[in-house]
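As you go down the protein sequences, you meet chains A and B in turn. Counting from 1 along the first sequence, just add 132 to a position and that's the residue number in the working numbering. If you count the second sequence from 1, position 299 lands on 298 in the working numbering, and the numbers rise without skipping. Backbone N, C-alpha and C define an ideal beta-carbon position, used for all residues, glycine too. Note that the coordinates shown come from a computational prediction; the quantities given were computed from them, not determined experimentally.
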Amino acid sequence: MQRTIFDADHDAFRDTVRAFLDKHVVPHHEEWEKAGIVPRELWEEAGALGLLGFMMPEEYGGGGVQDFRYNAILQEELTKIGASGVGFALHTDLVSGYLLSYANDEQKARWFPTFCTGEMITAIAMTEPGAGSDLQGMTTTAKLVTNDGDPYYLVNGSKTFISNGINADLVVVACKTDTEAGAQGISLVVLERGMEGFERGRNLDKIGLKAQDTAELFFDNVKVPVANLLGDEGKGFIYLMEKLPQERLTLCVVAAAACRSVIDQTVAYVQERKAFGKPISAFQNTRFTLAELETEARIAQVWVDRCITELNAGTLSIDDAAAGKWWTTELQKKTVDACLQLHGGYGYMSEYPIAKAYLDTRIQTIYGGTTEIMKEIVGRMMGL
Amino acid sequence: MSDLDRLDHRFTPERLALKEAGAEFTRREIAPHLQQWEDDGILPRELHKAAAAQGLLAVGYPEEAGGEGGDLLDVCALQEGFMAEGASGGLIASLFTHGISLPHMIAHGSAYLVDTFVRPTLAGELIGSLAVTEPGGGSDVAGITTRAELIRGDDGDSHYLINGSKTFITSGVRADFVTTAVRTGGPGHGGVSLIVVPTDSPGFSVTRKLDKMGWHASDTAELAYVDVRVPVKNLVGEVDKGFYYIAECFVSERIALALMGYGHAFRALELAAAYTKERETFGKPLAANQVVRAKLVEMRRRAEVARIYTLDVAARHVAGEDVIAEACLAKQTAVEAAVDVTNDAVQLFGGTGYMHGSEVERHYRDARLLPIGGGATEVLTDLAARLLGYAS
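Written as structure tokens, this is what we have:
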């Protein structure tokens, strides 16, 4: 089934992305997996090519094009080559959304230019050691202090599982400005590298996403100027709810692209690999398995493309994003598992892309809201 | 698992004692170091000696070959003890590699082979591997291409000249000897023999230590044989009977993998059950959610069915029944339970379950080998179809 959402400009952008990744990512990703992090230079090279700031206004050095199809292309191409460590999506798909919607003019002038060039790497911090998908349970506080010179927020607490956590220069931190007000007490405060009391823990060792730096962040009486409040105080939870569909759509895009990629790899493998004197593809079981996976991958892609169109139109609903998130990521898990099985013993060897894909995939049904939370959302939206 | 033990008539007091011995050894000698061994990618030789000193390596092997006696159900009880205390798949595979490298020698080998290789291995002094799989072969045992040519010399000087390569060989990096499947005759099942190759033989080399998704504590090797000379006395049993000797071990090997499978499942379930009672989200423990409880029950159901069926097939094997097909079904039942239950456990742990060093993630990675190793599920299903008379 042909995808119909792209035009010639998108195809050209895809070519640009592909050429960039072939040159700057493919030859190095394995070494970054060993290092546990992607070098900052990659961000600057991507920024120079316009890959990081295409959605930002032109006056700040961006491309001025808010069209999620470009975001999708970037993620699809990264996924296709298994570049799971390159955390551009946090920047281009997540943080960009918050900054574009809620940054004031002074903040735009301060942050957008280096956001676009890749000199400033960004992250968003919601999860805490004691609160994963349960955002209202967060305990990081930002207390407004007005009696000590210029007013500032005194931020205390910690966050964990923060992607880009080591590289990030700017972190949008969800915290409680009012501990009594529940969801209405949550605000988004922007912390920047170098602020006193803002420390990073170790680069967390995960079972997959090996080149992606993921860190704990610690805030010990960090004085954050009020100028770094993003949007209005007390609106943080609403902002998060508004932007989560976009984050979840990114994960859907990755899921559909990963299904496509591992099926293609496996189709090639089963035709070449022989067992019992014939190619594995000659076994009926192989054909049925792949036919089922192919069918579902096509269905997933249609859903994802429709969600992209809806996001661009401003109509992507919370429940459509949630439904897509759990279904496509569970499909991705099932697909990668079945494709690994068709690779036999080689599929278990770390050097094979399918082995890496298996471990990279396992987080997809957990982060960005677990499958269980997605089902809660869909159920609630059904009035249950 | 103590409730289950009391209900299971197969586990006599002696077997329960074996299980406890395995559990106790795991708590004392393994658990404190396991993460280190997983990270090192290899087990220390001293562990083999320590396990042998406790009499744990020789359970299930005949006394005349240096074993402690006992049958497959005794081995099951022992391994349950290891798994219940959180042993890893790689640890079991590497510490008990003799479970696949020795049985052919014990059943068909000469006194020389038993004295030279079997006894010292059961005593923890030697480490042996079994090498069947080849880079082009996978589960296709009859398709072996590593060649052993008989070179006749003057009285007693005859030897085999071996050329070829093997891959995915458990404990192959540390092995002192490798029971190697070679082609001595024509194509197919009938031309395969087993020859014990000492790893200090000139021309034998470990070409690579393989990096795997799981089973990290187990060293897995790619081996090369270039004009390796091995005396004829190292042939196990009769020439060209190797495939049948290997096939005789299919039941015990598949039962061992099934045991590992439900062992992972029970352990992951136990960890997840404890975690969901303690972890609070939205102001209440995870276990207060109906779907969480239902998931735990489903995990338990899968693990129990796998265990009871595996033990039933093992008991029938011990009783002398031909259960090759049933062993395939038991393995599939148990390893699918392992893959699914460990996956569910990771999901219940959330982001924490994705972090290196959390025990559930290790079981999750280890379990994924089981539907592949020791005969891929697809291959075993085809075999079962033939054995059960469903093939045309």
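Item	Value
Of all Cβ atoms in chain B, is any one closer than 8 angstroms to the Cβ of A:M327?	no
With H, G and I counted as helix, E and B as strand and the rest as coil, what does DSSP make of B:D226?	strand
Residues in the segment 349-375 of chain B with C-beta within 8 angstroms of chain A's C-beta atoms, listed in sequence order?	G349, G350, G352, Y353, M354, H355, G356, E360, Y363, R364, R367, L368, P370, I371, G372, A375
Exposed or buried, which one is A:S216 when buried takes at least 16 other CB atoms within 10 Å?	buried
Output the distance between the C-alpha atoms of B:M0 and A:P377, rounded to the nearest integer angstrom.	Any reading at B:M0 is ruled out, since the residue's pLDDT is 46, under 50, leaving its predicted position unreliable.
Just to confirm before moving on: does the CB-CB distance between B:F24 and B:A64 stay below 8 angstroms?	no
With which residues is A:F351 paired in a DSSP beta bridge?	A:G289, A:F330
Look at the alpha carbon of A:E251 and the alpha carbon of A:A274, and state the distance between them as a whole number of angstroms.	27 angstroms
By alpha-carbon positions, which one of A:V394, A:I256, A:Q239, A:P261 ends up nearest to A:G363?	A:Q239
What's the C-alpha gap between B:L387 and B:A324?	7 angstroms
With B:A76 and B:R14 assumed to form a contact (beta carbons below 8 angstroms), what rounded beta-carbon distance in angstroms separates them?	4 angstroms
CA-CA distance, B:K330 and B:A384?	15 angstroms
Using the three-state DSSP reduction, which class does A:H160 fall into: helix, strand or coil?	coil
Any idea what DSSP makes of A:T211, helix, strand or coil?	helix
Note down, one range per segment and in chain order, each beta strand (DSSP E) of at least 3 residues found wholly within the segment 143-214 of chain B.	146-150, 158-169, 176-182, 191-197, 203-208
With distances taken between CB atoms, is the gap from A:A453 to A:R380 smaller than 8 angstroms?	yes
Got a sec, what are the start and stop residues for the beta strand (DSSP E) B:V113 sits in?	Here B:V113 belongs to no beta strand (DSSP E), and DSSP marks it neither H nor E.
From the DSSP output, read off the bridge partner residues of A:Y478.	The partner list for A:Y478 (beta bridge, DSSP) is empty, contrary to what the question assumes.
For a contact defined as C-beta to C-beta under 7 angstroms, what are the partners of B:L209 on chain A?	M481
Have a look at the DSSP bridge pairing and note the partners of A:Y284.	A:V277, A:P357
Determine whether the Cβ of B:A390 lies closer than 8 angstroms to any Cβ atom of chain A.	no
Checking contacts by CB at 8 angstroms: is B:M212 closer than that to chain A?	yes
Which residues in chain A have a C-beta closer than 7 angstroms to the C-beta of B:F392? List them in chain order.	Given that chain B is displayed from residue 0 to residue 391, the structure contains no residue 392 of chain B and the question cannot be resolved.
If you draw a straight line from the C-alpha of B:S192 to the C-alpha of B:R146, how long is it?	10 angstroms
If you reduce the DSSP assignment to three classes, tell me which class B:P31 lands in.	coil
Please find out if some non-hydrogen atom of the ligand SAH comes closer than 7 angstroms to the beta-carbon of A:A167.	As presented, the structure is devoid of all ligands, the ligand SAH included, so that no description of it is given.
From the beta carbon of B:A130, is the nearest beta carbon of chain A less than 8 angstroms away?	no
Using a 10 Å radius around the Cβ and a threshold of 16 neighbouring Cβ atoms, would you call B:K294 buried or exposed?	buried
Can you check the segment 430-484 of chain A for any alpha helix (DSSP H) of at least 4 residues that lies completely inside it and give the ranges in chain order?	450-474
Do A:I202 and A:P245 have their C-beta atoms closer together than 8 angstroms?	Reading the sequence as shown, one finds Tyr at residue 202 of chain A and not Ile. It is not a contact, given that the beta carbons lie outside the stated cut-off.
Residues of the segment 67-101 of chain B with a CB closer than 8 angstroms to any CB of chain A: list them in chain order, please.	none
Okay, do the segment 164-182 of chain B and the segment 221-239 of chain B touch, 3+ Cβ pairs below 8 angstroms being the bar?	yes
Against B:V345, what residues of chain A qualify as contacts under a CB-to-CB distance less than 7 angstroms, listed in chain order?	R494
If you count every other CB in all the chains shown that lies within 10 Å of the CB of B:Y389, and 16 or more means buried, which is it?	exposed
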